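Enquirer: The structure's right below; bear with me while I get my questions together.
Dropping the structure here:
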């Protein structure tokens, strides 16, 4: 027998929702509580659903439990170069929003072949590890650091870029080695148990990650982000915003980019300080919402209490190779390693040699110190890691060929920088030349990958084939660059 509306309390509504199943409409809950008098309960039930952290709902109040939505959900994690070289994975914000907020980030159980991935403690500079956690929300980051290890208590009093932070990470060394894991490869993850925070993973080669699928997925996520912003503005914290983005993106949307890649590549979504925390906003929306003539500081850039030398920006989530491109030094992973190995072979054991090879005598051309710090940390640690593991006897037969390629890379970068400094946009002829130059770079890059590999020692025939390939591509590059020079002189 149904109750009178006045007698229906929160427990009744909660029980009705619990009995409604994994997928239901708000009107079904209302009918179960008070048949024939839905308007009297409509606003109460909708408010209850909206405030329930275990539910999603759409514009028509069709509801779905988060447990049922996320169970079996697939998503990508893209370890960066530093993590791959160190044989680790920071939990950080990687599993946001695929587990409840009650599951501590480093408590997520990551499984491979039915075995839990081992975990260990890692001590690293705050400037190196900070950006893996930034989507937890700035308030939560330092709470997480402190909860993860008591040694991080000192960061409450002073948190600088070079200060050490102790964090729990996944030990991925064996997994990376067995799969010959490279930057651009991904972990294809599946939510096994949403409430317990159990995630399974498998290796996904970067060669299988289509650029068109990635582009389409990023568009879906951008549209979902705009819908979240229009619905909630900046009320939810970042993990909650992301959860709703995934919901609005749709249950059947195939993951083609990680959260890190989405935030870095999105032209709509931006990280923005908001008081004492950070939120995700959509570009072009007026977020200040103040009256004209107000005497607050809404027109000024807002700042947050973050570690010295760090700021919140999309660039902090970008891969270091995007930062290199932004600094007008577009390098692939193989080309960067080529510069480093070239310096080490030349017995330059100080990072300054690598720095001069990459940037010359110029300063790093990036817009803020945070981006420069992230890039320099990455480059220095990559150099130190390669220096520590360098085998001169292994490298000796390959160093000369690699050096020839690196000279060609330097010439390409110089010419592209010159074109970038020109006032006019390239015409169709110049665009064709740039595409040809990219083809040359790709072919030289394949040779460079072989020459950089510590397990590859070319025999006589292999060396001869490499020499022919390199000579042919250098001739093509010189022809292209000569055409550029002739055009510039006219």
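Numbering (the numbering used here), first residue to last: 1 to 490.
In this text, a Cβ means the ideal position worked out from N, Cα and C, and glycines have one as well.
Bear in mind the structure is a predicted one, so any value in this text is a computation, not a measurement.
(1) Candidates 49, 159, 43: which alpha carbon is nearest residue 15's?
(2) Which residue's Cα is closest to the Cα of residue 327: 167, 33, 376, 168?
(3) Is residue 195 near residue 67, with beta carbons less than 8 Å apart?
(4) Could you say if the region 96 to 109 and the region 237 to 249 meet the contact criterion of at least three C-beta pairs nearer than 8 Å?
(5) Please classify residue 418 as buried or exposed, where buried requires at least 16 neighbouring CB atoms within 10 angstroms.
(6) So what's residue 453 in DSSP terms, helix, strand or just coil?
(7) Secondary structure at residue 123, three-state DSSP: helix, strand or coil?
(8) Please tell me whether residue 475 and residue 444 are closer than 8 Å, where the distance is taken between their beta carbons.
(9) Could you give the C-beta distance for residue 149 and residue 166, rounded to a whole number, given that I count them as a contact under 8 Å?
(10) Please name the residue or residues paired with residue 158 in a DSSP beta bridge.
(11) Exposed or buried, residue 152, counting other C-beta atoms within 10 Å across all chains shown (16 or more means buried)?
(12) Please list the terminal residues of the continuous alpha helix (DSSP H) segment that includes residue 12.
(13) Return the residue from the list 174, 454, 52 that minimises the CA-CA distance to residue 112.
(14) Under a Cβ-count criterion, where at least 16 other Cβ atoms within 10 Å of its own Cβ denotes burial, should residue 334 be classed as buried or exposed?
(15) Hey, residue 416 and residue 386: beta-carbon distance below 8 Å or not?
(16) If you follow the beta strand (DSSP E) that residue 170 is in, where does it begin and where does it stop?
(17) If I follow the unbroken alpha helix (DSSP H) through residue 231, where does it start and stop?
(18) Terminal residues of the continuous alpha helix (DSSP H) containing residue 322?
(19) Who are the near neighbours of residue 121 in its chain, counting only those whose CB is closer than 8 Å to its CB and skipping five residues on each side?
(20) Run the CB neighbour count on residue 260, radius 10 Å, all protein chains shown included, and call it buried at 16 or more, exposed below.
(21) Between the alpha carbons of residue 573 and residue 230, how many angstroms are there, rounded?
(22) Go ahead and label residue 141 buried or exposed: buried means 16 or more other beta carbons lie within 10 angstroms of its beta carbon, across all protein chains shown.
(23) Label residue 80 either buried or exposed according to how many other C-beta atoms from any shown protein chain fall within 10 Å of its C-beta, with 16 as the threshold for buried.
(24) Between the Cα of residue 404 and the Cα atoms of 467, 358, 396, 373, which residue gives the shortest distance?
Expert: With the given structure in hand:
(1) Nearest in C-alpha terms to residue 15, of all of 49, 159, 43, is 49.
(2) Cα-wise, what sits closest to residue 327 is 376.
(3) Yes; because the gap between Cβ atoms is below 8 Å, this pair is in contact.
(4) Counting Cβ pairs under 8 Å, three or more are found: they touch.
(5) Classified as exposed, residue 418 has fewer than 16 neighbouring CB atoms from the shown chains inside 10 Å of its CB.
(6) Collapsing the DSSP output to three states places residue 453 in coil.
(7) In the three-state DSSP reduction, residue 123 falls in the strand class (E or B).
(8) Here residue 475 is not near residue 444, since their CB atoms are 8 Å or more apart.
(9) Cβ-Cβ separation between residue 149 and residue 166: approximately 4 Å, consistent with a contact (criterion under 8 Å).
(10) Paired residues: none, contrary to the question.
(11) Flag for residue 152 reads buried.
(12) Residue 12 -> alpha helix (DSSP H) spans 10 to 18.
(13) Among 174, 454, 52, the Cα nearest to that of residue 112 is on 174.
(14) Burial state of residue 334 is buried, judged by a 10 Å Cβ sphere holding 16 or more other Cβ atoms.
(15) No, the pair does not count as a contact, with Cβ atoms beyond the cut-off.
(16) Membership of residue 170 in the beta strand (DSSP E) is indicated by the continuous run 164 to 171.
(17) 211 to 232 is the span of the alpha helix (DSSP H), which, as asked, contains residue 231.
(18) Unbroken alpha helix (DSSP H) run through residue 322: 320 to 326.
(19) Counting only Cβ-Cβ distances below 8 Å, and skipping sequence neighbours, we find 149, 166, 167, 168, 169.
(20) Taking all protein chains in view, the Cβ of residue 260 is crowded by 16 or more other Cβ atoms within 10 Å, so the residue is classified as buried.
(21) Lying before the first or after the last residue shown, residue 573 is absent from the chain, which here runs from 1 to 490.
(22) Result: buried.
(23) A buried status is given to residue 80, since no fewer than 16 other beta-carbon atoms sit within 10 Å of its beta-carbon.
(24) Checked all of 467, 358, 396, 373; the closest Cα to residue 404 is 467.
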